[in-house]
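Here's the structure we're looking at; comments come further down.
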Ligand code: ADP
Ligand code: MG
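Numbering (this note's numbering), first residue to last: 11 to 827.
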């Protein structure tokens, strides 16, 4: 047997017919000169030789060494995109996919039809595309359509050190696809690129590669970076602390760009505004005299500088960095304006810092959802006589390299998604980052000359950071991934070659949920992890939303409900469509305004919730009403602001509705939905159907109002019982159903604030439960009254049965079955 394997391997290694052509690229002299400075260029020979001789290789090199921009060009020149096949590169972040495709197109002097990108909502790929940048989620979807990825000659998995869930799964899948392709005589290459040397999870992993792929290290030209810790650690107002530190650097230290790391978009904008106020920048306002004045000040400041401890940067590059979920493809409906920023009044904070505005500071924001033209600005040199200051989320940590940075200001935090195993509740929280991540951030200061990193926390706090954080896959529920894999006919998910496998417990929970949704066949025995996918499951897998919502979409075509189901699912997927108006006001005036807006929002919510039958759909009716009204008004920022809706969320919902409509049409073309953004309200009949569809999708989120006998304990007043939680959950005062308190409800999720509140609540009729959720019910033997009877149309014996809801034993009314 062993002999056979080694023979197979020989075949695998030999089979790839190497492209013999050399495709010339016409680069401009400036580009050519800039390229020659990149460390990765020195390794071109080694890399291409390794690519030729191995089915897969790993490339490690510091951020900024040229991996992302140059390696695709090496492959292109060597003819890997010449026989009608293309080179694909995956990125965990949308922003990197878009911006890198632009950069490479520019370097190669090729149009975007040839060097293209594809992300969740948009792309510019054509039949002429030769190099395609995409998010990892996009490639995963393509594998579902064509497991062998025939279009691609090479796949590059970039930023593998980020360990994003989709990246991990792609590496697992490609470890199988590449040998398969080579066996079939359709050679394919896999390149894994990482910013750190910690790649054992990929290389020394028998489950993945039988022969470990060679690792090529790109030597980085990194200059020493001096680390400065704060004496004390501000617990809350780190944005304010970042402001003071940046002002100090700008006033006292020699020229060189400043890069500030904060956690989210709102914080970034807040700090940008304050810095711009403190150091106003007017175009063409600098003269030579200004510049020499600036130089004089810098020189003076330099003389005062003390010598400080120095760290060895080679000491940290072996560790991977932390993940920052917020910029990820998977994180739709993410952090936006969550109100988590501590926004000190500008006037107060800025007057206390006596800024010297004589040297302009050129302040630029950088985060994933920023418009591409704005993003591109950080790569251009700042206007003469100014100092560049980029305020960024951790997108600047490894995905993008900004030239000319000498000072890094690091708040030490990161915004991350957290999940609760039991309730499935997820939330974004700001937490400490890891040591590896903090070191990566520091490293950004030493790209072009020795630099400085100012950490807004003490060395003791740094010592308490985790060394690095676990792969994302171990921190989240995996039902969506399991469904995707089953759709790829990977039935034994436990055996999948994950670089880091999720816990068996998480896999079992996912499999159980999918079975109960009807996406997988019933297991022969409980806990078995190899249930194959059902036709319903296949349909669900083609919708880019979580399986619970996918089930609703799959059922949605009944009674012409589809446009409504699509709108509700899109709105639920985008998570929070209402602005947070409960934030603390900064002034009397703002407080009055907030009160007015809150009143208006309450009024609108009531209007959208409707009355009678519509009201029973509860909060989901409010979503439907809001989406409909907003589209009717043309989805303008003004309409959103006036009615307490988040404009960004509404735009995202619109895009997602289009995308879901296409997906549904692809699955069942006979329905042929066409979504008119402006919906007419659903009829009474449709509302009932919608409620049932919602119940079918959210069956494991059923709650029952507490019964009289349980009311002895006052904590249960107005509370609801759920099968999985010991404590009561409640309907929020903002909910459309707060006054009604229906006996049975389903909810979208539970959020813990002052109490455990259900969000997205919708009322359910008791008799629907045994009919729509039989998998959760224990049925009695046939009732004697009325007696069983023969139904001639179905040819079966019909009867009435009572049932109880699993675990909790809720008695349900007898229904005909
Ligand atoms: P790596 O992938 O190894 O981190 P990159 O290939 O992203 O490195 O970057 C290589 C160099 O190209 C860096 O010096 C970076 O500053 C530069 N660069 C990347 N994108 C742009 C751009 N849009 N404009 C100008 N320079 C860029
Ligand atoms: Mg890169």
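Beta carbons are placed, not taken as given, at the ideal position from N, Cα and C, and that holds for glycine.
All values reported here derive from a predicted model rather than from experimental measurement.
Please state whether the Cβ-Cβ distance between residue i and residue j is less than 9 Å.
i	j	result
residue 628	residue 526	no
residue 415	residue 457	yes
residue 223	residue 64	yes
residue 854	residue 81	The chain is shown only over 11 to 827; residue 854 falls outside these bounds and no answer can be derived.
residue 10	residue 712	Because the chain here runs from 11 to 827, residue 10 falls outside it and cannot be looked at.
residue 463	residue 235	yes
residue 455	residue 417	yes
residue 228	residue 468	no
residue 377	residue 278	yes
residue 288	residue 73	no
residue 776	residue 822	yes
residue 626	residue 558	no
residue 582	residue 524	no
residue 290	residue 370	yes
residue 549	residue 637	no
Quick one: does the C-beta of residue i sit closer than 8 Å to a heavy atom of the ligand MG?
i	result
residue 9	Limits of the chain in this structure are 11 at one end and 827 at the other, which puts residue 9 out of reach.
residue 761	no
residue 169	yes
residue 177	no
residue 658	no
residue 597	no
residue 100	no
Closest to residue i by CA distance: which of the options is it?
i	options	result
residue 695	190, 127, 49, 569	569
residue 591	652, 33, 514	652
residue 181	507, 755, 770, 739	507
residue 757	749, 764, 739, 765	739
residue 420	811, 625, 238	238
residue 535	522, 545, 546, 630	522
residue 655	520, 730, 587	587
residue 118	39, 608, 285, 548	39
residue 374	450, 275, 452	275
residue 231	396, 646, 393, 459	459
residue 105	91, 116, 129, 209	129
residue 759	736, 781, 778, 732	732
residue 717	818, 804, 55	818
residue 132	141, 148, 120, 100	148
residue 392	217, 413, 78, 380	413
residue 157	191, 176, 142, 144	191
Please tell me whether residue i has its Cβ less than 9 Å away from any Cβ of chain B.
i	result
residue 252	Absent from the structure is chain B; it holds one protein chain and no more.
In chain order, what residues of the same chain have a beta carbon less than 8 Å from the beta carbon of residue i, not counting five sequence neighbours either side?
i	result
residue 551	154, 493, 494, 496, 497, 529, 543, 560
residue 93	29, 163
residue 741	728, 730, 747, 748, 751, 755, 767, 768, 771
In chain order, what residues of the same chain have a beta carbon less than 7 Å from the beta carbon of residue i, not counting five sequence neighbours either side?
i	result
residue 703	562, 565, 566, 571, 575
residue 580	663, 666, 667, 670
residue 820	714, 814
residue 60	67, 224, 226
residue 48	75, 76, 80
residue 632	615, 618, 619, 746
residue 179	150, 491
For residue i, which residues from the same chain have a beta carbon less than 6 Å from its beta carbon, with the 5 sequence-adjacent residues on both sides left out?
i	result
residue 476	444
residue 440	273, 423, 425
residue 659	584, 587
residue 251	244, 466
residue 501	540, 542
Would the C-beta of residue i count as close to the ligand ADP, meaning under 8 Å from any of its heavy atoms?
i	result
residue 116	yes
residue 50	yes
residue 80	yes
residue 77	yes
residue 389	yes
residue 122	no
residue 39	no
Counting pairs of Cβ atoms below 8 Å between the stretch 398-411 and the stretch 94-110, do you hit three or more?
Flag = yes, the stretch 398-411 and the stretch 94-110 touch.
I want to know whether the stretch 465-484 touches the stretch 148-158 - three or more CB-CB distances under 8 Å.
These segments do not touch.
Within the chosen definition, does the stretch 231-247 reach the stretch 384-396 through at least 3 CB pairs nearer than 8 Å?
The stretch 231-247, when compared against the stretch 384-396, does not touch it at the 8 Å Cβ threshold.
Flag this pair as touching only if the stretch 228-245 and the stretch 259-269 have three or more C-beta atom pairs under 8 Å; answer yes or no.
Verdict: no, contact absent.
Determine, using beta-carbon pairs with one atom in the stretch 783-796 and one in the stretch 713-731, whether at least three such pairs fall under 8 Å.
Verdict: no, contact absent.
Take every Cβ of the stretch 157-177, pair it with every Cβ of the stretch 36-52, and state whether three or more of those distances are shorter than 8 Å.
Contact fails: fewer than three Cβ-Cβ distances are below 8 Å.
Specify whether the stretch 31-38 and the stretch 76-95 touch according to this definition: at least 3 beta carbon pairs, one from each stretch, less than 8 Å apart.
Taking 8 Å as the limit for Cβ pairs, the verdict is that the stretch 76-95 does touch the stretch 31-38.
Measuring CB atoms only, is the stretch 196-203 touching the stretch 118-133, in the sense that at least three cross pairs come out at less than 8 Å?
Result no; under three Cβ-Cβ pairs closer than 8 Å.
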